[in-house]
Every structure is written in C-alpha cells, then in structure tokens.
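*Asks:* Residue numbers (the UniProt record's numbering): 1 to 376. We put the beta carbon where it would ideally sit given N, CA and C, even for glycine. Next up is a structure, given as structure tokens.
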Amino acid sequence: MSDIVNDALSEALRREPDEHVNHDERHAPTLQRALEQQLAALRFKSDAPRSRGAALEALCARGLDRLPLPGRGRTVQRWSALAAVAACDLSLVKLYEGHTDALAILAELHAPQLAAPGRRWGVWAAEPPHQKVIAAPEDSGTALRLEGVKPWCSGAAQLTHALVTVSRYGEPVLAAVDLAQPSIHLSDGGWHAVGMAATGTCEVRFDGALARQIGEPAAYLARPGFWHGGAGIAACWYGCAVELAAALRAYLMRRAQPHACAHLGAADAQLAAARALLRETAGWIDTYPRADAALRAMRVRIAVEQAASAILTHVTRALGAAPLCSDAHFARAAADLPVFLRQSHAERDEADLGSALRDGPDPLACEPDALWRLAC
C-alpha cells in the first residue's frame, strides 16, 4: 500500500462521527471525582442483586453514567470510570458497564433519544447455538414482536430497558425493549455460579414482547464501537486487579515479609504493563475512531486477562486464607473475578489475534514491518 493511500486511509479513519449526544467530554475529570466519592460510600453486605440495582440507579440519578463516548478523545477517562466501579464491586460494574455501553450503542446507531434519564439499560447479546430470539415485524416501520429465550441476561430484574440481539428473517438485528411488559418473563434457571451472583443474571423469555429495531441488520457487530466496548471490558478486569494488589500493598505496609514483597513486585510489573497497553489502546481508538479496532481490542483483552489472573494468584498466595475468609469485600472480588474473566474466550481469542497478525500488516502502522518496533 502506497504512502499516499496509507495517508488517505488514516485521515478518513481519524474523522469524528457526525452524531453527537449529550456526553460532554469536558466534565470527565469532575465526573471521575464525583464517581469515586459515591463509590467510597458504598458498602455491600450481601450478594442481593437488588443492592446492585439500587447502586446503579443512584449512580444514574446523579448523572454518573454519562461517560465520555469512546473514540471522542477521552476514551481513557471512560475506561478509568469503569475501572473505578470495578474496584468497588464487579457485579456492580457488570451492570454499569452494560448500561454505559448501551448509551454508547444508541448514540452510534443514531437513536440517542432512547437514552433518556431514568432508564437503566442492559446489553444482552449471548447467542448460544440453537437458541435465538426471533423477531417478527409488527408494522412497516421498526416495530418488532419478540419470541424466544435469551440466556445470561445480567441485571434483568433491576433494569428498565435492554438492547437484545435477535434474528429477523435470518438476519441479526438489535432490538430495544422496554422490560415493563407482561409478555416478558424472568427465570433464574441456568445460573449457578457463586462468583458474580449479585448481577442477578437469568434467562429472559419473550412471549410476543414489543420492541424496536435499532440500526440496520448486522449493524451491532459491524459498527466500530463494537470493539471499543469489547476493549472497555479489560478496564473492568484491570480495576479489580488494582484493588486486589492494593490489599497486598496495604498488608505489607503493616508488616514486612520478603516473599509477600516479591508477589507485590510481580503484581506491580503486571499492572504497569496492563495500564500502559490500556492507555495506548485508548489513544489509538481516539485517533482512529472509525477504524476496525478488533486487533487492538483482542490484544488488550488478552494482556489484561493474563495480568488479572496472575495478580489474583500472587495476592492470594501472599495473603493466604485470612482475607478470603474474613474480608467480605476481598473474598467477593476473588470469587467474582475468575467468572468475569471468562467473558474472554481464552485461547480462541489468542488464535484469532494470531491469525489477524499472520494475515497481513496493520494498514495503520507507521511502517509495514513495525509491529513490535519500540520506536518508528
């Protein structure tokens, strides 16, 4: 590819999308401080999903869900907010991330008017084999009727609306659903995990529920923001890993133990590398908001997953059983994190990343062979 074509491609992918909604990026530092103050006051005494739903509602009521949109110059601030909520509670961030992702999706697919204050959204996109929600057109417009069961719907009893992936005439479409319909039924079957229990994840059955199609068929997966959101999940993992490492550091500030110090040093190195890649990825997304971010999202997810897994091992080996048995916050994080990390696809993601690297150079790299070059 010639330098002229490369430059033209880079410039086209730098351009900001035309659609703007009320996510004022200028207030991001103030939002982060207010969010952290609100989170500091939260103390969860149980795994009751209602407590996480109430916490999400409180955050939304204070406007703390109106994060900078990805690809608008403050993606790292968006991810910093996700990390802060994750450090507080992973079940809460599962709901918070889904809600804020839904707001970004609605903005990207030209339906920002649906993101009205007071609505709390989920994004339910699990597609196991042979289990699809079928959408039939209700009229000549965008209205749909939904039939079928959607598994693994986090926060279903605590949310007001959801974006649901469905099949319409065999094509994948995204549907917006008001959950306050008698034709929508929740079942707690199919979820038996101890970790992430406070998300209230369940199956949802749609028996002719009314919905509205959002975007064109396949738009949910085809839009650039799909991978922006996927990379943002890594910020949640990172936030929990930071909280675990902080517990080890606090322990060592009270007593010196060489082996525990070694574990803290290893955790610090993992966190520093993960943070650097998160910041680099966020910067790339802001520079090229319309580009395909799949490679970079897979890379950062793999790296942060590995870091978080290693840190959980280091911290629990250093601290032993005591905090797992006597510290409810620590024990909950240690139980939740392995379940949340399985939102990754492990070696399958590594294989996809390797295949992408094998198949050709990155068209947006500074040079064709600059994949791992330190400077270019």
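Would DSSP call V164 helix, strand or coil?
*Replies:* Of the three classes helix, strand and coil, the one that applies to V164 here is strand, per DSSP.
*Asks:* For residue 378, does the count of other Cβ atoms within 10 angstroms reach 16, so buried, or fall short, so exposed?
*Replies:* With the chain covering only 1 through 376, there is no way to say anything about residue 378.
*Asks:* Would you mind reading off the limits of the beta strand (DSSP E) that contains L374?
*Replies:* From DSSP, L374 is part of no beta strand (DSSP E); its letter is neither H nor E.
*Asks:* Return yes when the Cβ of V204 is within less than 8 Å of the Cβ of C153, no when it is not.
*Replies:* Taking 8 Å as the Cβ cut-off, C153 and V204 qualify as a contacting pair.
*Asks:* Just to confirm, does A102 get its C-beta within under 7 Å of one of the non-hydrogen atoms of the ligand COA?
*Replies:* Of the ligands one can find in the structure shown there are none, so the ligand COA has no counterpart to examine.
*Asks:* How big is the Cα-Cα spacing for V21 and L252?
*Replies:* Reliability of the predicted coordinates at V21 is poor, the pLDDT of 43 falling under 50, and the value obtained from them is presented with this limitation in mind. If you take the alpha carbons of V21 and L252, they lie about 46 Å apart.
*Asks:* Using CA atoms only, rank isn't needed, just tell me which of Q306, E138 and H314 is closest to W237.
*Replies:* That would be Q306, whose Cα lies nearest to the Cα of W237.
*Asks:* Looking at the unbroken beta strand (DSSP E) that takes in S187, where does it start and where does it end?
*Replies:* Taken as a continuous stretch (DSSP letters only), the beta strand (DSSP E) holding S187 covers I184 to S187.
*Asks:* Report yes or no: do the region 142-153 and the region 200-215 share at least 3 C-beta pairs separated by less than 8 Å?
*Replies:* Contact holds: three or more Cβ-Cβ distances are below 8 Å.
*Asks:* Under the rule that 16 or more other beta-carbon atoms within 10 Å means buried, what is G71, buried or exposed?
*Replies:* When all chains shown are included, G71 counts as buried.
*Asks:* From the DSSP output, in three-state form, read off I94 for me.
*Replies:* This sequence places Lys at residue 94; Ile is not what is there. If DSSP states are grouped into helix, strand and coil, K94 belongs with the helices.
*Asks:* Evaluate contact between the region 344-359 and the region 56-68, counting only Cβ atoms and requiring at least three cross-stretch pairs below 8 Å.
*Replies:* Judged by Cβ distances under 8 Å, the region 344-359 makes no contact with the region 56-68, as fewer than three pairs qualify.
*Asks:* Count the other C-beta atoms from every protein chain shown that fall within 10 angstroms of the C-beta of L371, then say buried if there are 16 or more, exposed otherwise.
*Replies:* Counting Cβ neighbours within 10 Å, L371 comes out exposed, since fewer than 16 surround it.
*Asks:* Out of G190, V93 and A293, which has the shortest C-alpha to C-alpha gap to P224?
*Replies:* Nearest option by C-alpha distance: A293.
*Asks:* Since I believe F206 is in contact with G122 (beta carbons under 8 Å), could you give me their beta-carbon distance rounded to a whole number of angstroms?
*Replies:* With a Cβ gap of about 14 Å, G122 and F206 do not count as contacting.
*Asks:* How should R254 be labelled, buried or exposed, when 16 other C-beta atoms within 10 angstroms of its C-beta is the threshold for buried?
*Replies:* That one is exposed.
*Asks:* Contact check, P151 vs Q181 under 8 Å by CB: the rounded distance?
*Replies:* Not quite, the Cβ-Cβ distance comes to about 19 Å (not below 8 Å), so this is no contact.
*Asks:* Pull up the CB-CB distance for A318 and L248, whole angstroms please, since I reckon it's below 8 Å.
*Replies:* Correct: roughly 5 Å between the Cβ atoms.
*Asks:* Which complete beta strand (DSSP E) runs does the region 44-124 hold, if anything under 3 residues is left out?
*Replies:* Entirely contained in the region 44-124, the beta strand (DSSP E) runs reaching 3 residues are, in chain order, 121-124.
*Asks:* Between the Cα of I302 and the Cα atoms of I105, E36, Q270 and A40, which residue gives the shortest distance?
*Replies:* Checked all of I105, E36, Q270 and A40; the closest Cα to I302 is Q270.
*Asks:* Helix, strand or coil: which one does DSSP assign to R342?
*Replies:* In this structure, R342 counts as coil in the three-state DSSP scheme.
*Asks:* What does DSSP give as the partner residue(s) for A135 in the beta ladder?
*Replies:* According to DSSP, which records beta bridges pairwise, A135 is partnered with L146.
*Asks:* Taking the beta carbon of K45 as the centre, do at least 16 other beta carbons fall within 10 Å, making it buried, or is it exposed?
*Replies:* Answer is exposed; the Cβ neighbour count stays below 16.
*Asks:* Pick helix, strand or coil for A40, following the three-state DSSP scheme.
*Replies:* It is helical.
*Asks:* Given this structure, state the Cα-to-Cα distance separating A375 from A297, to the nearest angstrom.
*Replies:* Looking at the two C-alpha atoms, the distance is approximately 21 Å.
*Asks:* Is L186 near A222, with beta carbons less than 8 Å apart?
*Replies:* Contact: no.
*Asks:* If you measure between the beta carbons of G232 and R74, is that distance less than 8 Å?
*Replies:* Not a contact, by the Cβ cut-off of 8 Å.
*Asks:* My assumption, with CB atoms under 8 Å, is that L324 sits in contact with A334. Please give the rounded CB distance.
*Replies:* With 8 Å as the limit, L324 and A334 qualify as a contact, their Cβ atoms being about 6 Å apart.
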